[in-house]
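These notes are about the structure you will find just below.
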Amino acid sequence: MKTLGIYNIKGGVGKTATAVNIGHLAAHSGLRTLIWDLDPQGAASFYFRIKPRIKKSRLLLFGKRDLDDAIKATDYPGLDLLPADFSYRNMDLLLNRVRKPKLQLKRLLRPLSRDYDLVIFDCPPSISLVSENVFRAADTLLVPTIPTTLSLRTLSQLLGFIDENKIDTRVFSFYSMVDIRKSMHKSICESAADPRCTALSSMIPYNVVVELMGMERRPVNEYAPRSMVAKAYRQLWDELAAKMG
Amino acid sequence: MPRHAPVCFLLPPEDSAETICERLQDHLECIVDAPVATQLCFLDSFDWRLHQKGLLLLQNGKSLELQKKKTAQIRSTARVSASVKWPGDLPKGELRGSLSEILQMRALLPVVCVHTKSSLLHLRNGDGKTVLRMRVEQSECQAPAAQGAYALLPRLWLLPLKGYENELLKLKRILSGELEQAPTTSLFDEALSAIGRHAFDYSSKLDFTLAPDMTTAQAMRLILLHLLDNLTNNIEGTRADIDTEFLHDLRVATRRTRSALSQIKKILPAAVLEDFKARFAWLGQITSPTRDMDVFKLECENFRELLPPVMREHLTPLHDFFVQQHRNQQRVLKRHLASPRFTSLIGEWRAFLTSDCDLVEGMENADRPVLAVSQERIWKLYRRVLREGRAIDYDSPPEEMHELRKSCKKLRYLMEFFRSLYPDNQIGEMIKELKALLNNLGDYQDHEVQAVKLMSIGEQMKKEGRAPTKTVMAMGVLVAALLERQEQAHKDFSRCFSRFDRDHNHRISRAIFKPAKSNMGSKA
Numbered sequence: 001m002k003t004l005g006i007y008n009i010k011g012g013v014g015k016t017a018t019a020v021n022i023g024h025l026a027a028h029s030g031l032r033t034l035i036w037d038l039d040p041q042g043a044a045s046f047y048f049r050i051k052p053r054i055k056k057s058r059l060l061l062f063g064k065r066d067l068d069d070a071i072k073a074t075d076y077p078g079l080d081l082l083p084a085d086f087s088y089r090n091m092d093l094l095l096n097r098v099r100k101p102k103l104q105l106k107r108l109l110r111p112l113s114r115d116y117d118l119v120i121f122d123c124p125p126s127i128s129l130v131s132e133n134v135f136r137a138a139d140t141l142l143v144p145t146i147p148t149t150l151s152l153r154t155l156s157q158l159l160g161f162i163d164e165n166k167i168d169t170r171v172f173s174f175y176s177m178v179d180i181r182k183s184m185h186k187s188i189c190e191s192a193a194d195p196r197c198t199a200l201s202s203m204i205p206y207n208v209v210v211e212l213m214g215m216e217r218r219p220v221n222e223y224a225p226r227s228m229v230a231k232a233y234r235q236l237w238d239e240l241a242a243k244m245g
Numbered sequence: 246m247p248r249h250a251p252v253c254f255l256l257p258p259e260d261s262a263e264t265i266c267e268r269l270q271d272h273l274e275c276i277v278d279a280p281v282a283t284q285l286c287f288l289d290s291f292d293w294r295l296h297q298k299g300l301l302l303l304q305n306g307k308s309l310e311l312q313k314k315k316t317a318q319i320r321s322t323a324r325v326s327a328s329v330k331w332p333g334d335l336p337k338g339e340l341r342g343s344l345s346e347i348l349q350m351r352a353l354l355p356v357v358c359v360h361t362k363s364s365l366l367h368l369r370n371g372d373g374k375t376v377l378r379m380r381v382e383q384s385e386c387q388a389p390a391a392q393g394a395y396a397l398l399p400r401l402w403l404l405p406l407k408g409y410e411n412e413l414l415k416l417k418r419i420l421s422g423e424l425e426q427a428p429t430t431s432l433f434d435e436a437l438s439a440i441g442r443h444a445f446d447y448s449s450k451l452d453f454t455l456a457p458d459m460t461t462a463q464a465m466r467l468i469l470l471h472l473l474d475n476l477t478n479n480i481e482g483t484r485a486d487i488d489t490e491f492l493h494d495l496r497v498a499t500r501r502t503r504s505a506l507s508q509i510k511k512i513l514p515a516a517v518l519e520d521f522k523a524r525f526a527w528l529g530q531i532t533s534p535t536r537d538m539d540v541f542k543l544e545c546e547n548f549r550e551l552l553p554p555v556m557r558e559h560l561t562p563l564h565d566f567f568v569q570q571h572r573n574q575q576r577v578l579k580r581h582l583a584s585p586r587f588t589s590l591i592g593e594w595r596a597f598l599t600s601d602c603d604l605v606e607g608m609e610n611a612d613r614p615v616l617a618v619s620q621e622r623i624w625k626l627y628r629r630v631l632r633e634g635r636a637i638d639y640d641s642p643p644e645e646m647h648e649l650r651k652s653c654k655k656l657r658y659l660m661e662f663f664r665s666l667y668p669d670n671q672i673g674e675m676i677k678e679l680k681a682l683l684n685n686l687g688d689y690q691d692h693e694v695q696a697v698k699l700m701s702i703g704e705q706m707k708k709e710g711r712a713p714t715k716t717v718m719a720m721g722v723l724v725a726a727l728l729e730r731q732e733q734a735h736k737d738f739s740r741c742f743s744r745f746d747r748d749h750n751h752r753i754s755r756a757i758f759k760p761a762k763s764n765m766g767s768k769a
């Protein structure tokens with residue numbers, strides 16, 4: 001079972017759209033895929049029309065309730081979702097109450113290793129105990145980055161944190177919400193990437209088709225398979241799948 | 246994985262995906278996909294070799310899947326480009342290996358094909374989320390090469406989704422009130438039964454049961470009809486040359502018939518007996534040349550292995566010769582099997598066996614209990630085998646070994662015909678002992694026959710300019726190797742016969758075969 005964390009310290013960079021579309025494409029390619037919606041806002045759950053609510057979610061975090069009980073099938077074969085729960089806003093506090101608080105997600109995932117080929121974490125923004133759990137549970141971190149100075153700064157912060165804390169995970173970044181008409185976007189996309197991570201060549205353009213996900217409540221490839229965005233996500237998945245091995 | 250297994254209901258023929266959807270609209274939003282047509286064919290050998298191993302082989306378009314019949318668990322799969330007859334038609338891999346091992350020389354044949362039109366129904370909640378899927382299947386099944394199709398009762402499957410088990414239970418409750426739950430019979434069994442067949446409906450084994458108080462005439466009729474069915478079941482496959490075992494089984498049925506006619510005496514009037522004996526002898530004769538070539542073709546790989554590696558490729562012209570000869574002989578055989586002589590033999594023999602059989606009235610053994618008659622015959626043959634075997638030593642002429650083999654075969658057939666009259670473990674043990682002796686005698690005779698035949702084939706090929714020097718030399722080495730094997734069988738004979746001729750076997754034979762008031766004289 002491979003594990004992929006979709007993460008950025010900043011919000012609004014396209015993390016959930018990436019998790020939903022990459023998860024959909026992974027399942028379509030034949031991988032038994034689970035998306036774990038860790039964001040208390042529950043946007044990934046919303047996109048899949050699944051209620052962002054887990055009964056007795058605290059018990060689940062303490063390992064006293066089977067994670068498998070909370071998983072829901074999406075409408076797409078091979079793709080399941082562990083929905084968000086509003087109580088996740090207090091997840092840091094809950095995690096702090098148990099032994100080895102940074103390794104809880106990794107521990108909770110273990111029983112699912114036979115059921116899934118790929119688990120994708122859709123993470124909330126900011127660096128917290130939850131995100132540190134994801135860093136330690138994920139083989140790979142995928143960081144959607146808007147080609148702006150501030151976004152590059154947060155990417156650098158993240159890479160610094162991973163180095164400092166000697167976290168064993170690979171980091172891939174890609175440019176998201178790219179508007180090539182903007183000179184800053186264009187110039188950043190053309191300049192050299194941070195050498196501490198692998199920069200993927202695929203980019204996701206800024207496009208209204210992505211925003212439509214909120215209305216369609218479906219992955220892009222389902223309602224606009226011929227769009228530029230759908231094509232870009234397919235390219236991103238192909239590149240990522242090849243790099244993840 | 247969902248926590249509940251799919252649930253299946255039988256649908257009345259007037260129902261469809263659309264009517265089901267309409268009925269459920271009050272509970273959940275229901276959407277129907279366009280129907281999809283599929284064809285699933287089940288394959289096996291004519292004698293059900295896969296089924297005997299508890300396996301099912303399914304072809305769905307270009308995908309071939311070997312499943313365990315009980316659990317439907319997939320054992321191996323392969324992609325195929327067209328119809329499959331031999332494991333060799335499959336790409337190298339696990340499936341090809343398993344099928345080769347189980348089927349050996351038998352071909353794969355479609356047993357039954359199921360054509361299904363299925364529609365997928367999506368049931369959605371207020372958020373537009375699919376919480377349950379259902380599938381309506383309308384299937385027809387067809388026997389291979391048959392014209393008509395047989396409709397199966399339409400089925401409605403409830404396919405649970407993980408995390409939405411409550412919706413499954415709710416819909417199951419609603420539908421249970423109006424629909425009947427489908428029986429757990431597998432699709433294969435249902436389709437097979439619809440075309441009027443059942444698993445293991447062919448076997449070359451003599452799997453009938455005789456009652457000890459049957460008259461010998463009744464038992465004979467049953468045995469001979471069984472053999473005739475076996476024979477006729479193999480005619481089509483022999484004509485079409487599907488695989489070598491059709492002709493083999495046809496010949497075995499013929500041989501057993503001839504043996505029954507000559508061994509179970511005083512049942513049929515002499516004129517009838519002599520007529521049919523001669524006609525079945527003819528059938529044995531006309532099927533021999535093709536069978537010889539079948540055996541040579543099957544043996545080709547073994548022949549190669551008897552040679553040093555450097556000479557093996559020189560046998561290729563010999564293989565080509567076998568193939569060509571087989572083609573010629575098969576053509577002749579096909580003509581014979583289409584001839585009035587053959588069709589009248591089969592027709593008249595069946596008419597005779599199914600008639601009131603007034604013909605047997607008054608014959609000495611006809612009305613006697615079959616157990617007594619079978620004991621007399623088996624006991625007599627058993628003692629003959631012992632007498633002939635004991636008279637053979639290393640220097641005895643080969644003809645004596647051949648005669649012994651014939652007697653052993655007759656004895657084996659008798660024991661197999663009447664097996665159900667005797668304690669199974671005891672007669673089973675005697676048949677096994679006899680088979681071991683027959684294997685030795687077969688090795689002795691068959692290797693010699695093959696060596697002699699190969700020498701004459703070598704001459705023929707040379708005359709026709711079809712055997713390069715290297716091939717002739719390779720065939721010479723092959724003949725020497727076969728004669729060496731014959732010699733080994735000759736040396737082993739005394740040990741094999743002594744094993745058969747031992748007190749343990751005599752005790753069993755005396756206990757079960759010796760007639761109560763035997764006037765046969767000498768002791769075994």
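Residue numbers (this note's numbering), protein chains in the order written: chain A, 1 to 245; chain B, 246 to 769.
No residue lacks a Cβ here, since even glycine has one placed at the ideal position from N, Cα and C.
This one's a predicted model, so the numbers in the text were calculated from it and none came from an experiment.
>> Going by the DSSP bridge assignment, what does residue 363 of chain B pair with across the sheet?
In response: The bridge partners DSSP lists for residue 363 of chain B are B:281 and B:382.
> What residues from chain A crowd round residue 372 of chain B, counting only those whose CB sits closer than 7 Å?
Replying inline: Below the 7 Å Cβ cutoff, chain A contributes 49 as neighbours of residue 372 of chain B, in chain order.
> Do residue 358 of chain B and residue 389 of chain B have their C-beta atoms within less than 8 Å of each other?
Replying inline: Yes.
>> Any C-beta of chain B within less than 7 Å: which residues of the segment 65-81 of chain A qualify?
In response: Hits within the stretch, in order: 71, 72, 73, 75 and 80.
>> At 4 residues or longer, what runs of the alpha helix (DSSP H) sit wholly inside the segment 326-352 of chain B?
In response: List check, alpha helix (DSSP H) in window: 339-348.
>> According to DSSP, is residue 689 of chain B part of a helix, a strand, or is it coil?
In response: Three-state DSSP puts residue 689 of chain B in a helix.
> Within 10 angstroms of its Cβ, does residue 122 of chain A collect 16 or more other Cβ (buried), or is it exposed?
Replying inline: Here residue 122 of chain A is buried, its C-beta having at least 16 other C-beta atoms within 10 Å.
> Can you give the Cα-Cα distance for residue 502 of chain B and residue 512 of chain B, rounded to whole angstroms?
Replying inline: Each residue's CA atom was taken as its position, placing residue 502 of chain B and residue 512 of chain B some 14 Å apart.
>> Counting C-beta neighbours from all protein chains within 10 Å, is the total for residue 270 of chain B 16 or more, i.e. buried, or is it exposed?
In response: By the Cβ neighbour-count rule, residue 270 of chain B is exposed, with fewer than 16 other Cβ atoms within 10 Å of its own.
> Just to confirm, are residue 556 of chain B and residue 712 of chain B a CB contact at a threshold of 8 Å?
Replying inline: Not closer than 8 Å, so no.
> Per DSSP, which one or two residues make a beta bridge with residue 275 of chain A?
Replying inline: The structure shown does not extend to residue 275 of chain A, since chain A spans only 1 to 245, so no value can be given for it.
> Which ranges would you report for the beta strand (DSSP E) in the segment 673-753 of chain B if only whole runs of at least 3 residues count?
Replying inline: Fully enclosed beta strand (DSSP E) runs of 3 or longer: not present.
>> So, does the segment 266-285 of chain B touch the segment 165-177 of chain A, judging by three or more C-beta pairs under 8 Å?
In response: No, the segment 266-285 of chain B does not touch the segment 165-177 of chain A.
>> Considering just the uninterrupted stretch of the alpha helix (DSSP H) at residue 460 of chain B, what are its terminal residues?
In response: Per DSSP, residue 460 of chain B belongs to no alpha helix (DSSP H) and is neither H nor E.
>> Give me the residue from B:280, B:410 and B:433 with the minimum Cα distance to residue 303 of chain B.
In response: When the alpha-carbon of residue 303 of chain B is set against those of B:280, B:410 and B:433, the nearest one is in B:433.
>> Please classify residue 111 of chain A as buried or exposed, where buried requires at least 16 neighbouring CB atoms within 10 angstroms.
In response: Taking a 10 Å sphere around the C-beta of residue 111 of chain A, we find fewer than 16 other C-beta atoms and assign the residue as exposed.
>> For a cutoff of 8 Å on Cβ pairs, would you count residue 499 of chain B as touching chain A?
In response: Chain A, which has no Cβ nearer than 8 Å to the Cβ of residue 499 of chain B, makes this no.
>> Just to confirm, is the Cβ distance from residue 32 of chain A to residue 115 of chain A under 8 Å?
In response: A Cβ-Cβ contact shorter than 8 Å links residue 32 of chain A with residue 115 of chain A.
>> Any beta carbon from chain A within less than 8 Å of residue 409 of chain B's own beta carbon?
In response: Yes, contact with chain A.
> Under a CB-based cut-off of 8 Å, is residue 260 of chain B close to chain A?
Replying inline: So, not an interface residue.
>> Taking only three categories from DSSP, how would you classify residue 172 of chain A?
In response: The three-state secondary structure of residue 172 of chain A, taken from DSSP, is strand.
> Sorted by chain position, which residues of the same chain lie with C-beta nearer than 7 Å to residue 518 of chain B's C-beta, five sequence neighbours on each side aside?
Replying inline: These residues qualify, in order along the chain: 506.
> Can the beta-carbon of residue 727 of chain B be found less than 8 Å from the beta-carbon of residue 695 of chain B?
Replying inline: Yes, the pair counts as a contact, with Cβ atoms nearer than the cut-off.
> Does DSSP put residue 518 of chain B in a helix, a strand or coil?
Replying inline: Helix, per DSSP.
> For residue 627 of chain B, which residues from the same chain have a beta carbon less than 8 Å from its beta carbon, with the 5 sequence-adjacent residues on both sides left out?
Replying inline: Once the five neighbours on either side are set aside, the close Cβ partners of residue 627 of chain B are 656, 754, 758 and 769.
> In chain A, which residues lie less than 7 Å from residue 723 of chain B when you measure between Cβ atoms?
Replying inline: Taking the beta carbon of residue 723 of chain B as reference, no residue of chain A falls within 7 Å; the closest one sits roughly 52 Å away.
> Does the segment 631-647 of chain B come within contact of the segment 738-757 of chain B, defined as at least 3 CB pairs closer than 8 Å?
Replying inline: Touching, per the Cβ criterion.
> Counting pairs of beta carbons, one from the segment 131-150 of chain A and one from the segment 2-19 of chain A, are three or more of them closer than 8 Å?
Replying inline: They touch, by the three-pair rule.
> Residues in its own chain within less than 7 Å of residue 484 of chain B by CB, not counting five upstream and five downstream?
Replying inline: Here residue 484 of chain B has 579 and 582 as same chain residues with Cβ atoms under 7 Å from its own Cβ, once five neighbours each way along the sequence are excluded.
>> Assuming contact is defined by CB atoms lying nearer than 8 Å, are residue 46 of chain A and residue 74 of chain A in contact in what I supplied?
In response: It is not a contact, given that the beta carbons lie outside the stated cut-off.
>> Under 8 Å, Cβ to Cβ, is there at least one residue of chain B near residue 217 of chain A?
In response: Under the Cβ distance rule, residue 217 of chain A counts among the residues neighbouring chain B, one pair being separated by less than 8 Å.
> Which parts of the segment 571-601 of chain B are runs of the alpha helix (DSSP H), unbroken and 4 residues or longer, counting only runs that do not cross its ends?
Replying inline: If we require 4 residues or more, the alpha helix (DSSP H) runs fully inside the segment 571-601 of chain B come out as 585-599.
>> On a Cα-Cα basis, can you pick out the residue from B:261, B:446, B:396 and B:325 that is closest to residue 291 of chain B?
In response: Ranked by Cα distance from residue 291 of chain B, the options B:261, B:446, B:396 and B:325 are led by B:446.
>> Quick check: what's the CA-CA separation for residue 763 of chain B versus residue 613 of chain B?
In response: Only weak support exists for where residue 763 of chain B lies, its pLDDT of 48 falling under 50; the value from the coordinates is given anyway. Distance from the CA of residue 763 of chain B to the CA of residue 613 of chain B, rounded to the nearest whole angstrom, comes to 15 Å.
>> Can you tell me whether residue 48 of chain A is helix, strand or coil according to DSSP?
In response: Residue state for residue 48 of chain A is assigned as coil, using DSSP reduced to three classes.
> What whole-angstrom Cβ distance do residue 188 of chain A and residue 229 of chain A have, given they're in contact under 8 Å?
Replying inline: Actually they are not in contact, since the Cβ atoms of residue 188 of chain A and residue 229 of chain A sit about 20 Å apart, beyond 8 Å.
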